[in-house]
Amino acid sequence: MKNRQLQQILPFLEHPSRYLGTEINARRKKGSDAVLHIALAFPDLYEIGTSHFGMQILYHILNASPDIIAERVFMPAPDMIGYLKQEQIPLMTLESKRPICRFDIIGFSLLYELNYTNLLAMLDLGKIPFYSRERSEEHPFVIAGGPCTCNPEPMADFFDAMVIGDGEKTLMAMATLWMEWKREGKKQKELLLNRWSGIEGVYVPNEFRVRYDPNRFQILEKSSSYHGDDKKKIIRAIVSTLDDSDFPKHPVVPFGKPVHDRLRLEIARGCTRGCRFCQAGMIYRPVRERSPESLLRISELSLTSTGYDDLSLLSLSTGDYACIQPLMDVLMGRCESRKVAVSFPSLRADTLTPGLMNQIKRVRKTGFTIAPEAGSERLRKIINKNLNDSEILETVQSAFDLGWQVVKLYFMVGLPFETDEDLNAMIDLIKELRRLNSGGRRRRGGVHPRGTLNVSIATFIPKPHTPFQWASQISISEAKEKIGFLKKELKLSGIQIKWQNPEVSMIEGLWARGDRSLSGLLVNAYRRGAIFDGWSDRFDFGKWRDAVSETGIDLDFFTQRKRQLSEPLPWDHIDVRVSKAYLIEEWNRAQEGGVTQDCRHGDCNLCGSCDFETIQPIVFKPCPSQDQDSKDDQGPSPQSQEPARPFKLYRILYSKKEEARFFGHLEMVRLITQGMRRAEIPLRYSEGFHPKPKISFDDPLPLGMESEGEFFYFWGTEGLPLVETLERLNRQMPTGLHLLDLKIMDEEEKVLRPALLSYRILLEEDFDENAVSEFNKSESVLMIRKNRKGGLKEFDLKDIIKEMKQLAPNRLFLSILNDPGKTIRPAEILSAVFKLPEHAIRQARIVKQFESVSHV
Numbered sequence: 001m002k003n004r005q006l007q008q009i010l011p012f013l014e015h016p017s018r019y020l021g022t023e024i025n026a027r028r029k030k031g032s033d034a035v036l037h038i039a040l041a042f043p044d045l046y047e048i049g050t051s052h053f054g055m056q057i058l059y060h061i062l063n064a065s066p067d068i069i070a071e072r073v074f075m076p077a078p079d080m081i082g083y084l085k086q087e088q089i090p091l092m093t094l095e096s097k098r099p100i101c102r103f104d105i106i107g108f109s110l111l112y113e114l115n116y117t118n119l120l121a122m123l124d125l126g127k128i129p130f131y132s133r134e135r136s137e138e139h140p141f142v143i144a145g146g147p148c149t150c151n152p153e154p155m156a157d158f159f160d161a162m163v164i165g166d167g168e169k170t171l172m173a174m175a176t177l178w179m180e181w182k183r184e185g186k187k188q189k190e191l192l193l194n195r196w197s198g199i200e201g202v203y204v205p206n207e208f209r210v211r212y213d214p215n216r217f218q219i220l221e222k223s224s225s226y227h228g229d230d231k232k233k234i235i236r237a238i239v240s241t242l243d244d245s246d247f248p249k250h251p252v253v254p255f256g257k258p259v260h261d262r263l264r265l266e267i268a269r270g271c272t273r274g275c276r277f278c279q280a281g282m283i284y285r286p287v288r289e290r291s292p293e294s295l296l297r298i299s300e301l302s303l304t305s306t307g308y309d310d311l312s313l314l315s316l317s318t319g320d321y322a323c324i325q326p327l328m329d330v331l332m333g334r335c336e337s338r339k340v341a342v343s344f345p346s347l348r349a350d351t352l353t354p355g356l357m358n359q360i361k362r363v364r365k366t367g368f369t370i371a372p373e374a375g376s377e378r379l380r381k382i383i384n385k386n387l388n389d390s391e392i393l394e395t396v397q398s399a400f401d402l403g404w405q406v407v408k409l410y411f412m413v414g415l416p417f418e419t420d421e422d423l424n425a426m427i428d429l430i431k432e433l434r435r436l437n438s439g440g441r442r443r444r445g446g447v448h449p450r451g452t453l454n455v456s457i458a459t460f461i462p463k464p465h466t467p468f469q470w471a472s473q474i475s476i477s478e479a480k481e482k483i484g485f486l487k488k489e490l491k492l493s494g495i496q497i498k499w500q501n502p503e504v505s506m507i508e509g510l511w512a513r514g515d516r517s518l519s520g521l522l523v524n525a526y527r528r529g530a531i532f533d534g535w536s537d538r539f540d541f542g543k544w545r546d547a548v549s550e551t552g553i554d555l556d557f558f559t560q561r562k563r564q565l566s567e568p569l570p571w572d573h574i575d576v577r578v579s580k581a582y583l584i585e586e587w588n589r590a591q592e593g594g595v596t597q598d599c600r601h602g603d604c605n606l607c608g609s610c611d612f613e614t615i616q617p618i619v620f621k622p623c624p625s626q627d628q629d630s631k632d633d634q635g636p637s638p639q640s641q642e643p644a645r646p647f648k649l650y651r652i653l654y655s656k657k658e659e660a661r662f663f664g665h666l667e668m669v670r671l672i673t674q675g676m677r678r679a680e681i682p683l684r685y686s687e688g689f690h691p692k693p694k695i696s697f698d699d700p701l702p703l704g705m706e707s708e709g710e711f712f713y714f715w716g717t718e719g720l721p722l723v724e725t726l727e728r729l730n731r732q733m734p735t736g737l738h739l740l741d742l743k744i745m746d747e748e749e750k751v752l753r754p755a756l757l758s759y760r761i762l763l764e765e766d767f768d769e770n771a772v773s774e775f776n777k778s779e780s781v782l783m784i785r786k787n788r789k790g791g792l793k794e795f796d797l798k799d800i801i802k803e804m805k806q807l808a809p810n811r812l813f814l815s816i817l818n819d820p821g822k823t824i825r826p827a828e829i830l831s832a833v834f835k836l837p838e839h840a841i842r843q844a845r846i847v848k849q850f851e852s853v854s855h856v
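Listed below in structure tokens is the structure:
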């Protein structure tokens, strides 16, 4: 897409900054310098995809090679989809605006089954055939990776190759072979695919023929068209040591409001708990911790390069990190003076100690989620969630005592061997937690909660490569009945219930354990309009029901049917390094109510994931301390210390032009604030629960308007070098935001609003000269505006518009009275005076001229 085409579309979009691609730390390399162009595709909105740290890792690793250009592309929002189709513009990447069909490789991240229709939508928008067999030598290679590839079969027909397991080294190996194939002048795709299949963790679906036995079970056989080894198992690729794997220290800082607006730092991969329902706990084994020294070094560099004020420590169970308490001691010693909060998105109740809570709250009380999963201790033993009621109660009690206002709880219904007593136990547990929440205070009719319990309920979905992969999934009606019962019994103050639509869970379960026979169903559902199925306001079960009916898919065969241990499974050819024998043993033990101990603290459970030579658990001890002879453990760096000098009020004059006009006001405030943190400007912060830098802005500009001069104010330490500070700040601003002047203000100095605001307006077409002439001759021009309550208010534009002058056929000058009670936007004038349609007004370039201000 040409930049002009994009500029013409952006004014019509709800969140135009999603499509700019000019973020801080984004890589924009020259195409002529690269051999291989890879589009990293995420089949969900920008706000979701930019929060995924796996994509950031691959983006960083690939772009580190001078021979490779990696760019990003996300699923467009519905409004953008409409314009792309209307204008016949192919889907393009953010950085170069190059259509994805012109890339050499498109790599999709498959994180969630309900994104599969979005994937088809992106191929469709990119003018790329869905099925790999329909794509010619001129089309890109389409590959995929992510947790959903542990059962690749439902999506196998759409991909040339799929990466099973850790992608860091695997994708680079695939890229290297592609460049060798290209230099050799090879044109046949099969030659490269055959080479790719020799890489550990790479699955080439066309290497296998599919047939179905009389019981409708899928059977895969090695195809004779491929000349490699005769392996039938695809072994999961694994990064044996995280410290040896490159990690982005300058991650892209998204525009807008990403789902996870924070620095995300992976502290460990894998889990040893052995929860029998948890796919991630099986397919990411063994546990591999990143060393404390690496974590401290990465966090220091990344916080400086991003400007985030929140650091999230990621793993399947953050509290299990062996050095978590000492690591937090050092991190909070550095982060507290910077007002950087540290959060744990995933914690077990038995690892969230008061000591950790006290460290977390040193900056602010970030949220955390406790996942009991099941209501009774009996059922928790069956699922191997070795967590008793007293541990849950003690943890939540500590949280409320330490001042937390919200505690999130996660439960499932429909777990194997669940009974009505288990649901009643869930209700009793939540009510008991609510009583803890009362702090001993009571009122008429019951307890008086201090805060809120946010309870999320989902339907259990059996996933491949878990001990519960043979279990049945409960029906939609049964799931609705169970959730309805819980909602009724827990309709109490202090408790908020959220639940996943059981119909969504059923479709997710279908794709989780399906086979290749489902590919036609996906295309059918997409053709019927199924898209954004993971979004509750977009999911339409009726479209899926009709597609299932037309394609003849037996939904119960893949979801509600209990599988036999002896039957072939669609994913049997995928070896995730956990043996089937171990999974069967765990399935049998679950039926007996037996518990399997955490191998982190005991004997090896012989799951098969470790060879104890190159692959084994990595847990770091001894823990770091501030007394270690290491730069990383010296505590806060000098620039992060709380400055002792007094604070002064500063004023900055800035312009907002070109692409920056597509930043909303709150978005712009966030970008400037992060830029000030990156520039290490010592700021004054507010007090209280959530400290914020003391920065204030003048009246916000409407989305799409440019300005030659606006002001914002901040409290910084006395004696900032004005010229140097302005230069440092400008280096941290996104394209289109430019800081023009920095001035020290007197606290008693008041800024007077300019009496008039002036604008230049440029239209795509010419202005009506008669309209300008008639307006200037008229004594009165009335305009009626609706207020927020639906009432009408009348304005005389002749009292408000002090000058209207046509500078050129398509250029207009306006001077408007700056009266808070009579504020009129230029867009309203274009509509009232020139009768311009909405699309013409949105395309207009409106530039607010800088008016000098006076001070008293």
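Per the numbering used here, the very first residue in the sequence shown carries number 1; after that it's consecutive. Just so you know, even glycine gets a beta-carbon here, dropped at the ideal spot from N, CA and C.
Report all residues from its chain with a CB closer than 8 Å to the CB of residue i; omit the five preceding and five following residues, and keep chain order.
i           : result
residue 498 : 454, 455, 456, 457
residue 223 : 206, 207, 208, 209
residue 490 : 427, 430, 431, 455, 497
residue 679 : 725, 728, 729, 731, 732
residue 830 : 761, 836, 840, 841, 844
Using only the alpha-carbon positions, how far apart do residue i and residue j sit?
i           : j           : result
residue 942 : residue 691 : Residue numbering for the chain in the displayed model covers 1 to 856; residue 942 lies beyond these limits and cannot be assessed.
residue 132 : residue 540 : 28 Å
residue 19  : residue 522 : 27 Å
residue 392 : residue 374 : 12 Å
residue 565 : residue 174 : 36 Å
residue 599 : residue 409 : 26 Å
residue 463 : residue 536 : 22 Å
residue 616 : residue 668 : 46 Å
residue 634 : residue 297 : Residue confidence for residue 634 is low, a pLDDT of 39 falling below 50, so the modelled location carries little weight and cannot support an answer.
residue 721 : residue 650 : 12 Å
residue 698 : residue 293 : 43 Å
residue 610 : residue 286 : 7 Å
residue 658 : residue 736 : 5 Å
residue 705 : residue 382 : 59 Å
residue 345 : residue 258 : 16 Å
residue 500 : residue 414 : 13 Å
residue 549 : residue 555 : 9 Å
residue 709 : residue 738 : 10 Å
Quick check: residue i and residue j, are their CB atoms within less than 9 Å of each other?
i           : j           : result
residue 434 : residue 492 : yes
residue 16  : residue 532 : no
residue 237 : residue 333 : no
residue 405 : residue 583 : no
residue 653 : residue 740 : yes
residue 158 : residue 125 : no
residue 486 : residue 387 : no
residue 306 : residue 7   : no
residue 53  : residue 214 : no
residue 504 : residue 114 : yes
Tell me residue i's beta-bridge partners as DSSP assigns them.
i           : result
residue 458 : 412
residue 499 : 457
residue 341 : 310
residue 656 : 707, 737
residue 786 : 792
residue 24  : 253
Please go through the same chain and pick out, in chain order, the residues whose beta-carbon is closer than 6 Å to the beta-carbon of residue i, but skip the five residues on each side of it.
i           : result
residue 29  : 69
residue 162 : 144, 149, 152, 203
residue 127 : 90, 101
With hydrogens ignored, establish whether the beta-carbon of residue i is closer than 8 Å to any heavy atom of the ligand MN.
i           : result
residue 343 : Because no ligand of any kind appears in the structure shown, any question about the ligand MN cannot be addressed here.
Does the contact criterion of 3 or more C-beta pairs under 8 Å hold for the stretch 51-67 versus the stretch 271-286? no
Quick check: the stretch 315-326 against the stretch 336-353, are there 3 or more CB pairs under 8 Å? Touching, yes.
Are at least three pairs of beta-carbons, each pair with one atom in the stretch 73-81 and one in the stretch 263-272, less than 8 Å apart? These segments do not touch.
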